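Student: So in full-length UniProt numbering, spot 115 of the sequence shown is number 115, and the numbers just go up one at a time.
Think of the CB as a built atom: it goes at the ideal place given N, C-alpha and C, for glycine as much as any other residue.
These numbers come from a predicted model, not from an experiment.
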Amino acid sequence: MSAHLRERITSYTHDGLVFDVVDDGPLDGDVVVLLHGFPERATSWQQVAARLHAHGFRTLAPDQRGYSPGARPPRRRDHRLALLTADVAALVERVGGPVHLVGHDWGAIVAWSLAQTRPELLRTLTAFSVPHPGAFARSMRGLRQPLRSWYVGVFQVRGLAERVLARPGLAERVLRRGGMTAEDVEAFRTGIVEHGALRGGLMWYRALGLLDRDQVPRHVTVPTTMVWSDGDSFLDRSGVEATERYVDASYELVVLSGVTHWIPTQAPDAAAEAVLERISGT
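(1) Measure the C-alpha to C-alpha separation of Thr260 and Gly97 and round it to an integer number of angstroms.
(2) For Gly153, which three-state DSSP category applies?
(3) Is DSSP giving Leu160 helix, strand or coil here?
(4) Taking the alpha-carbon positions, what's the Met1 to Val275 distance?
(5) In angstroms with no decimal places, state the Cα-to-Cα distance between Leu170 and Val185.
(6) Quick test of the definition: if touching needs 3 or more C-beta pairs under 8 angstroms, does the region 185-202 touch the region 33-40?
(7) Considering Cα atoms alone, identify which of Glu172, Gly191 and Thr190 is closest to Val182.
(8) Going by CA-CA distance only, name the one from Thr221, Thr265, Glu252 and Pro268 that's closest to Glu277.
(9) Can you list, in chain order, the stretches of the beta strand (DSSP E) that have 3 or more residues and sit fully within the region 103-143?
(10) Cβ of Val255 within 9 angstroms of Cβ of Val240?
(11) Looking only at its chain, what residues have a beta carbon closer than 7 angstroms to the beta carbon of Leu27, apart from the 5 residues adjacent to it on each side?
(12) I'd like the span of the beta strand (DSSP E) that includes His14, first residue to last.
(13) Check the C-beta distance from Ile263 over to Ala272 and give it rounded, since I have them as a contact under 8 angstroms.
(14) Any chance the region 109-126 sits against the region 139-149, with 3 or more Cβ pairs inside 8 angstroms?
(15) Helix, strand or coil: how does DSSP classify Met1 here?
(16) How many angstroms separate the CA atom of Gln46 from the CA atom of Gly191?
(17) May I ask you to list the residues that DSSP assigns as paired with Met203?
(18) Residue range of the beta strand (DSSP E) that Val21 falls in?
(19) Between Val102 and Leu81, is the Cβ-Cβ spacing less than 9 angstroms?
(20) According to DSSP, is Arg94 part of a helix, a strand, or is it coil?
(21) If the criterion is Cβ atoms closer than 9 angstroms, does the pair Phe128 and Val227 meet it?
(22) So, at 7 angstroms on beta carbons, what are the nonlocal neighbours of Gly134 in its own chain, with the 5 sequence-adjacent residues on each side left out?
(23) Counting beta carbon pairs with one atom in the region 15-22 and one in the region 67-78, are three or more of them shorter than 8 angstroms?
(24) Out of Ser11, Glu194 and Asp23, state which residue places its alpha-carbon closest to the alpha-carbon of Pro168.
(25) On the DSSP letters alone, give me the boundaries of the beta strand (DSSP E) that Leu253 sits inside.
(26) Only counting the same chain, and skipping five residues up and downstream in sequence, which positions put a Cβ closer than 8 angstroms to that of Phe155?
(27) Need the endpoints of the alpha helix (DSSP H) that Ser238 sits in, please.
(28) Using the beta-carbon count (16 or more within 10 Å), is Asp269 buried or exposed?
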């Protein structure tokens, strides 16, 4: 019997900000928290969440800092990883954790951070696309990962990415080259650009150099699954394969063949299966 809060959470407050949450599935089910990446929102987990609900799980998917209309602070330092992590910790505490935590892209970075700093809040971790930060740092010493991360430097130029990604034709060409489908691009246009969340999402990248002292990479002690797709244009396999050495718990690597970076929307069956396998195998 779950001891989690049995009331729907449509929003919560932390650090003076208000975060929107999509809370769905059986109220008495074990809780799975789903963290979106860039440039996506909670809706990117819709198909995966439906599959988890069918297995009796309740899902909480927040629109994170910079994305929720009530959580868009103006300064770069307001988007530091420590703050993004604390936002999710507050949600887990609100529902009465611990929870199964799942993150894709930037959501995976936040998930790794929470697993490192507040492991008592997690039962399991499933990270999609982005490896453990220590493993990623190792991969950046090579040649392939820096080449795949070219866009991070572009995003540092204030106004440039906003102008490029806000222009429909140009944005579609850029995003389609990165593996997005026409449906993904439309979700970006309506859910990010028209929703006013583009600048907030870009601020996560611009705050990358503002790491707090407690954000140094450390080993993870919760049961973990790393999911990577071999069609990923942004993350090289070297960091993914190095992740195991940073997990001091049950660990599995799942490699999806023929899938791009956008796993939750393009391979929801495989994504849900990986989450369910991690949960059931723990």
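Tutor: So, from the listed chains and residues:
(1) For the purposes of this step, residue 260 is taken as the residue at position 260 of the sequence shown. For the purposes of this step, residue 97 is taken as the residue at position 97 of the sequence shown. Thr260 and Gly97: Cα-Cα distance of roughly 32 angstroms.
(2) Position 153 of the sequence shown, counted from the start, is the residue given in the question as residue 153. The answer is helix: DSSP assigns Gly153 an H, G or I state.
(3) For this step, residue 160 is matched to residue 160 along the sequence shown. Helix at Leu160.
(4) Numbered from its first residue, the sequence shown carries residue 1 at position 1. Numbered from its first residue, the sequence shown carries residue 275 at position 275. Low per-residue confidence applies at Met1: pLDDT is 41, beneath 50, and the placement is therefore not dependable, though the value from the model is reported in the following sentence. As the crow flies, the alpha-carbon of Met1 is around 20 angstroms from that of Val275.
(5) Locating residue 170 in the sequence shown gives position 170, counting from the first residue. Locating residue 185 in the sequence shown gives position 185, counting from the first residue. So the two alpha carbons sit approximately 11 angstroms from each other.
(6) By the Cβ test, the region 185-202 is in contact with the region 33-40, since at least three Cβ pairs between them sit closer than 8 angstroms.
(7) On the sequence shown, residue 182 is found 182 positions in, with the first residue counted as 1. The residue you asked about is not Val; residue 182 is Ala in the sequence shown. Selected option, being the one with the closest Cα: Glu172.
(8) If you number the sequence shown from 1, residue 277 lands on position 277. The shortest C-alpha separation from Glu277 is found at Glu252.
(9) 122-128
(10) Taking the first residue of the sequence shown as position 1, residue 255 is located at position 255. Taking the first residue of the sequence shown as position 1, residue 240 is located at position 240. In contact: Val255 and Val240 (Cβ atoms closer than 9 angstroms).
(11) The count along the sequence shown starts at 1 and reaches residue 27 at position 27. Excluding residues within five positions, the ones whose Cβ falls inside 7 angstroms are Arg6 and Arg58.
(12) The residue you call residue 14 lines up with position 14 of the sequence shown. Taken as a continuous stretch (DSSP letters only), the beta strand (DSSP E) holding His14 covers Ser11 to His14.
(13) Sequence index remark: in the sequence shown, residue 263 carries index 263 (1-based). Sequence index remark: in the sequence shown, residue 272 carries index 272 (1-based). That belief does not hold up - the Cβ atoms of Ile263 and Ala272 are roughly 10 angstroms apart, past 8 angstroms.
(14) no
(15) Residue numbering aside, residue 1 sits at position 1 when the sequence shown is read from its first letter. Annotation note: pLDDT 41 at Met1 (below 50); position unreliable, no value reported.
(16) Start at 1 with the first residue of the sequence shown, and residue 46 comes out as number 46. Start at 1 with the first residue of the sequence shown, and residue 191 comes out as number 191. Looking at the two C-alpha atoms, the distance is approximately 13 angstroms.
(17) Within the sequence shown, the letter at position 203 stands for residue 203. Paired residue(s): none; Met203 is not in a bridge.
(18) One-based indexing of the sequence shown puts residue 21 at position 21. Unbroken beta strand (DSSP E) run through Val21: Leu17 to Asp24.
(19) As a first step, residue 102 is located in the sequence shown; it is residue number 102 there, counting from the start. As a first step, residue 81 is located in the sequence shown; it is residue number 81 there, counting from the start. Going by C-beta atoms, Val102 is not nearer than 9 angstroms to Leu81.
(20) In the sequence shown, counting from the first residue as 1, residue 94 sits at position 94. In the structure shown, Arg94 sits in a helix (DSSP, three-state: H, G or I).
(21) What you label residue 128 is simply residue 128 of the sequence shown in a count that begins at 1. What you label residue 227 is simply residue 227 of the sequence shown in a count that begins at 1. Yes.
(22) Sequence index remark: in the sequence shown, residue 134 carries index 134 (1-based). Excluding positions up to five away in sequence, the list reads Pro217 and Tyr246.
(23) yes
(24) If you number the sequence shown from 1, residue 168 lands on position 168. Nearest C-alpha to Pro168: Glu194.
(25) Taking the first residue of the sequence shown as 1, we reach residue 253 at position 253. Residues Tyr251 to Thr260.
(26) By 1-based counting over the sequence shown, the position of residue 155 is 155. Closer than 8 angstroms at Cβ, skipping near neighbours: Ala161, Leu202, Tyr205 and Arg206.
(27) Here residue 238 is taken as the residue at index 238 of the sequence shown, counted from 1. Residues Arg237 to Ala242.
(28) Position 269 of the sequence shown, counting from 1, holds the residue named residue 269. By the 10 Å Cβ count, Asp269 comes out exposed.
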